[in-house]
Amino acid sequence: MVRFSGLSLFAKALGNHQSWPELWPDAQPKPAYDAVIVGAGGHGLGAAYYLAKKYGITKVAVIEKGWLGGGNTGRNTTIVRSNYLYDESAHLYDHAVKLWDGLSQDLNFNVMYSKRGVMMLAHNVHDIQSFQRHIHANRLNGVDNEWLTPEQAKEYCPPLDISPEARYPVLGAALQRRGGTARHDSVAWGYARAASALGVDIIQNCMVTGIRRGADGAVEGVETTRGYIATKKVGVSAAGNTSVVMRMAGLDFPLESYPLQALVSEPVKPVFPCVVMSNTVHAYISQSDKGELVIGAGTDQYVSYSQRGALHIVEHTLAAICEIFPMFRRMRMLRNWGGIVDVTPDRSPILGKTPVPGLYVNCGWGTGGFKATPGAGDLLAYTIAKDEPHPINAPFNLDRFRGGRLIDEAAAAAVAH
Amino acid sequence: MSGYRIDGLGRVDRSRRVNFTFDGQAYAGFAGDSLASALLAHGVTLFGRSFKYHRPRGLLGAGAEEPNALVTVERGGGVFTPNLRATAVEIHEGLVARSQNRWPSLKTDFGSINDRLGRFFPAGFYNKTFMWPRSFWEKLYEPAIRRMAGLGDAPTVADPDHYAATYAHCELLIIGAGPAGIDAALEAAGTKQRVILIDENAEMGGGALADPALAAWLERSLKALAEAPNVTLLKRTTAFGYYHDNFIGAVERLTDHLANPGPQSLRAPREQLWRIRAGEVVLATGAIERPLVFAGNDVPGVMLASAARTFLFRDGVAVGRNVAVMAAHDSGWKDACAMARAGMGVAAIIDCRSEVDPALVQEAESLGIDCLIHWSVVGVNGRHGVKSVQVLHHDDFLDRRLPCDALLMAGGWTPSVHLWSHSLGSLAWSDDWGAYLPDKPNEKVRCVGACAGKWSFGSGMNVGHLETNRNPAAIKAFVDFQNDVTAKDISLAVREGMKSVEHIKRYTTNGMATDQGKTSNLNALQLASAAMGKPVPEIGLTTFRPPYTPQTFGALAGHAQGPLFQPTRKSPIDSWAEAQGAVYEPVAQWRRARYFPKPGEDMHKAVARECLAVRERVGIFDASTLGKIEVIGPDAAEFLNRMYTNPWKALEPGRCRYGLLLGEDGFIRDDGVSARMAPDRFHLTTTTGGAARVLNMMEDYLQTEWPDLDVWLTSTTEQWAVIALQGPKAREVIAPLVQGIDLSPEAFPHMAVREGTICGVPTRLFRVSFTGELGFEINVPAGFGRHVWEQVFAAGQAHGITPYGTETMHVLRAEKGFIIVGQDTDGTVTPHDAGLDWAVGKKKPDFVGKRSLARPDIVADGRKQLVGLLTDNPAEVLEEGAQIVADPNQPVPMKMIGHVTSSYASATLGRSIAMALVADGRARVGQKLHIPMPGRVITATVTDTLFYDREGSRLDG
Amino acid sequence: MILIHCPYCDEQRPGLEFAYAGEAHIARPADPSALSDEEWERFLFIRANPRGRHHERWRHIHGCARFFNAVRDTVSDKFELTYKAGEPRK
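Below is the structure:
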């Protein structure tokens, strides 16, 4: 692996960039691996990287039905934060945030993680109660999150409209300064390159068609469109298609897949310094390094794998954005796309073992998987290597749906009155 | 007007001169000019700066495909719109436009240093560096990158314009009013079909606008369409997205082309969103010419041949006096000859092909045009305009200088299949076109004309990079002009292992600029194909995403702005509260009076006063927002018995009951007091925010699980105004107003309901209390709500009646330990957790959620239970949401055992009170727990949740 | 926006008039208390979530307000048919 640096860039530039090697070789499937990861998104590639780097398991294949990073990794709004309420969630996401910090150096690939701050707006008394609950819980968990008055919020994010006459006035905000954004594609590419350098095979355009199990029920290998691959350990990290893959192992999952849309504006000069989210108005927005306003829209209401959402979802999202930021009404939407998100009944992920020996799963991240990328990869790698979950992901097991020990962040923010 | 305007050509109105400015310089054009054509007529070639290298750029195209000439248009008062294509801006008197992404000026842009250093900024450079030292990324590198990036400035003042939205339905929607689209419309004109023909330009005609031979046909056809009663013509309207089941989004631009759109109060909407449902869609979206890839292809003055042709014949502007054409396609020859015949000087046609149709060559030569066949342009001389080009003979590989003042590129044609692809129609590669053509439809849609590949521009050669005698690794030959993606970026991406077209796109940013790759995608594919040694169809094609061209946020938001964003729901009594100076809070979509401050009072003082008034005398409260459902039918009691946790069948008519509703997962969803009005009739109440959810849930069970039950559910939330009268004097206040109801405690006990009249208005009078005081809830038809409220308020004057708001209501109920669903519960709380076991029917075999209450983790120890908390310091009011620990001295991360759900200063008790969910809370009553706040720790004692009037003696007044 | 045929109104109407109501034919057990935790979990949470033919429920909430069943392809989002609640799985 050619080490990336300003110096190597300079040196290669003098040679007109003719001698850069491939970031990752396009591997052909071998007959057998120690572990196979299904799905070459950020999570799956991350798992392969940490398997090789931390646990010395380098005979690993990551198989991907399309192109690496082409699923939700490349379709999200790149928000990173860890200001979750429950201890389990806060530890899970903060584990990821700690890895985000320094990830560029670790991978020797700039993933452009930018701690711009994530600000969540409170528009009513219930929001204030809920955010304060988060802030206090985060503080005692060692996760940064602080309360801002409307004036402080505006100082942090000048485009914010804090006039009391607004339909949903800003009554304050919760700010996580370590939150921010990263460049989504770079994360997948950085992990792919670093994992490849450690000996991991990345096999694209290779779809899993079956999971072969032995007489004892344990995993023996995977059938793919490019042949059979023998392996004792399969980690499934195939957001948007988990139900389909798990059914190959005879497992029914508590998942539903919904279309989620996002959009960007035309690029403009820097105007928006942080990430702003409003659950009440249903809007979240940041500005990319390129200058595009990156805006998350909602999910359509029905199960779908079409990666195609409805116009009225976008209409509603932009109405919400323009309500909070009236100056953006003259901005223009450049691109609008859809992804498929796997949603669990409690909207928390499932990360751990399955009833099938040798089969591990990382799924159900819903609309928020990107932020967890390094953490999910690391914990999936741990779980595969040790055949047991790390204490951080242990609560995110499949059994919780039977027993009722749900980790329901969304319900915790529920509004009634 | 200037040397570039050709007399007798073009459709602009030469009798109407239009003055405008560009970068402060005054110009004049004619009505019908675009900003592009008007500036071209003055010999302007420099329009903008590119995104990354800040290279000087002129016009490439003449329409929606334009990547370079992006401008900001001012609208006065600090209002402006960035990133508009000069080719799509119609000039009007007084138009103020400026260039962007340059400093200090368009001609002298310091940012162009990036161009000099361009070799250090190849595709993906940012992934390879800016990593050391670590802290520099956020402090130095990223801000610098951000400042260099972006195009125009972002608007900074609130947009004063407004936007509209509408729906339309038609049997036939035709998108694109070029010859093919007009033909399709003519075919349907006069039929019974509703037909809509839409076109993005100010004038319909498409390619026909640039073909004088079609002028008469065009005029005749448009007249026929305008007269056809079944045809609607929408110009200046862009169909931007094709959604499920022939649902098309389009935006019509209504005022940007007007010099004076009128005073703001009377102004028409700036744009209108059309949501069109069509029986059949005809796509007549045409085709876009491709540039060619060679060094210098981005110098201002190098443009598409079709654009030059359009400017000449549509606008009467020659893009040069002595132009050269670089062709790989017959259409370049045809355009060159047409322009030469019209009087434009055409010096030469250079064609990279080894053979060209002799008829074309003959025609060109007869017009005095030099024909350089099997030659390529390898360089362009000039910085802000073309002075000459270097041409290379493929045989001797030597290049020669060819003087010209513009270079026109004819690289072939790309059908505009954007909308087709949005509809998930499949595409098939065509070698003839060197492009993808529509194949199998996924909706009821067909393509006609050039976008279907059914238009002959002649034949051409599919070429990636033109032949060159220079080192291809050392030259900048642009593919994506706006994003500054060069041919060598594409080959670098392939060299670095990007094998998928999506990777190449994302790594190089090719096709991701505001033109969305209209002129660059196919060239990038050809280059990638060459670099990988694979045919184009094996590399694939990036997915087309809506919108076809960028669309205004405001238009997409439509009417949903300001008060119409989400209309505020107001109770029938809201206007009274407003007149009293109430302070409101939003609750769900409602606004509710939070408190009624007297002069000089803050919320704390007002609430203390209101609370004491209720406890000592009487308070009046607007509870109209509570959800209400009328449940009717012989099986009504059985139905409620199955839905709610507690038993309903034995409830006597005339009595009320507190109902607790769970989800099937066993967690509390809603609650409310409901009354049995008759054996077959119940009056249910729900929480304010839960009304619609509860009704939907009940309908779901009724319709799909228990269709055998004979029950009807009707939402009556807005039918009833609800006036809560609470306090020891409540009975005295209403006694003179009520008729037909015996108000005595014996005849009308707590948790009873009676029907009669109040102030002459029929009422359902509930005797209920959410405060612990004697209380009534007066339900009257909503239309009489304010009338009755005012009468009651007047009657209460003698008793010191005091209006109170939601904040006081919250305090009073907390003093009695009554929960608020959503505040003291959060969707993870069971009845047992909330201390509501008394409301769960132990003998009932089933109710919604019952089974879940028996799950292992729900019956386990350690669940959080609702308790009271009394701070050691009675003046200390805990923060709602504050976390509770047993050991305040433990290190972070601390073991948290609960949190404060409700907390108030109780004026009645003269101290603070709080409720909290605490692990094993009821077993901890009497224990001291700790609430660590920033910098200090608050200590409180666990109690039960009943803080006031433990005997319940006040209920009867 | 999808078009949905309401089997009660017998009309094809835009999706905005309807509310999705989850997978169809998951009947509430007659006696939930007789179910094991695993069976109850299956009823509460396990969903088919197929890539392809999906049986699902919709409610014509801004129309006749009736719940009904539909078969829709989750890849193309195209409806195959809709039918009234209570009718057998199709």
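So the protein sequences, as listed, match chains G, V and P. The first sequence runs contiguously to residue 818 in the numbering used here. The second sequence runs contiguously to residue 1432 in the numbering used here. The third sequence runs contiguously to residue 211 in the numbering used here. Heads up, the beta-carbon is just placed ideally off N, CA and C, and yes, glycines get one too.
For residue 1237 of chain V, the enclosing beta strand (DSSP E) stretches over residues 1236 to 1242.
At the C-beta level, residue 1102 of chain V and residue 1150 of chain V stay beyond 7 Å of one another.
Nearest CB-CB separation between residue 667 of chain G and chain V: below the 7 Å threshold.
Residue 1126 of chain V counts as buried, since at least 16 other C-beta atoms from the protein chains shown sit within 10 angstroms of its C-beta. Rounded to whole angstroms, the Cβ separation of residue 573 of chain G and residue 675 of chain G is 15 Å, and the two are not in contact under 8 Å.
One Cα belongs to residue 170 of chain P, the other to residue 606 of chain G, and the distance between them is close to 24 Å. In this structure the stretch 870 to 882 of chain V lies against the stretch 788 to 801 of chain V, because at least three pairs of beta carbons, one per stretch, are closer than 8 Å.
Taken through DSSP and simplified to helix, strand or coil, residue 825 of chain V comes out as strand. Listed in chain order, the beta strand (DSSP E) elements of length 3 or more contained wholly in the stretch 511 to 599 of chain V are 545 to 549, 555 to 560, 570 to 574.
In the three-state reduction of the DSSP assignment, residue 477 of chain G falls in the coil class, being assigned neither a helical nor a strand state. For the pair residue 624 of chain V and residue 964 of chain V, the CB atoms are not nearer than the 7 Å cut-off. Taking C-beta atoms as the reference points, residue 408 of chain G and residue 775 of chain G fail to come closer than 7 Å. Residue pairing of residue 1094 of chain V in beta bridges, as defined by DSSP: V:1201, V:1277.
DSSP places residue 721 of chain G in no beta strand (DSSP E) but in the uninterrupted alpha helix (DSSP H) bounded by 712 to 725. Straight-line measurement puts the Cα of residue 770 of chain V at about 30 Å from the Cα of residue 586 of chain G.
Annotation: residue 852 of chain V to residue 939 of chain V spans about 14 Å, alpha carbon to alpha carbon. One thing to note: residue 800 of chain V has its Cβ no nearer than 7 Å to the Cβ of residue 815 of chain V. With fewer than 16 other Cβ atoms inside 10 Å of its own Cβ, residue 832 of chain V counts as exposed. A contact between stretches requires three or more CB pairs, one per stretch, nearer than 8 Å, and the stretch 1208 to 1221 of chain V fails this requirement with the stretch 182 to 193 of chain P. Going by beta carbons, residue 174 of chain P and residue 145 of chain P fall outside the 7 Å limit. Beta-bridge partners of residue 509 of chain V (DSSP): V:565. Interface annotation, residue 149 of chain P: in contact with chain V, CB-CB separation under 7 Å. Taking the Cα of residue 1425 of chain V as reference, the smallest distance to any Cα among V:1375, V:1291, V:518, V:530 is reached at V:1291. Bridge partners of residue 1188 of chain V according to DSSP: V:1106. Counting only the Cα atoms, residue 428 of chain G lies some 12 Å from residue 593 of chain G.
In the three-state reduction of the DSSP assignment, residue 642 of chain G falls in the coil class. Annotation: residue 998 of chain V is outside any beta strand (DSSP E); the continuous alpha helix (DSSP H) that includes it extends over 996 to 1007. By the rule that beta-carbons nearer than 7 Å mark a contact, residue 802 of chain G touches chain P. Contact between the stretch 1337 to 1353 of chain V and the stretch 1399 to 1419 of chain V is established, with three or more Cβ pairs separated by less than 8 Å. Shown here, residue 602 of chain G sits in a strand according to DSSP, grouped into three states. Within the model, the alpha-carbon separation for residue 962 of chain V versus residue 1016 of chain V is close to 17 Å. Annotation: Cβ neighbours of residue 196 of chain P in chain G (cutoff 7 Å, chain order): 706, 707. When only Cα atoms are considered, residue 896 of chain V and residue 1019 of chain V end up about 6 Å apart. Chain V has no Cβ within less than 7 Å of the Cβ of residue 496 of chain G. Contact between the stretch 1285 to 1302 of chain V and the stretch 1140 to 1155 of chain V is present, with at least three C-beta pairs closer than 8 Å. When DSSP states are grouped into helix, strand and coil, residue 923 of chain V belongs to the coil group.
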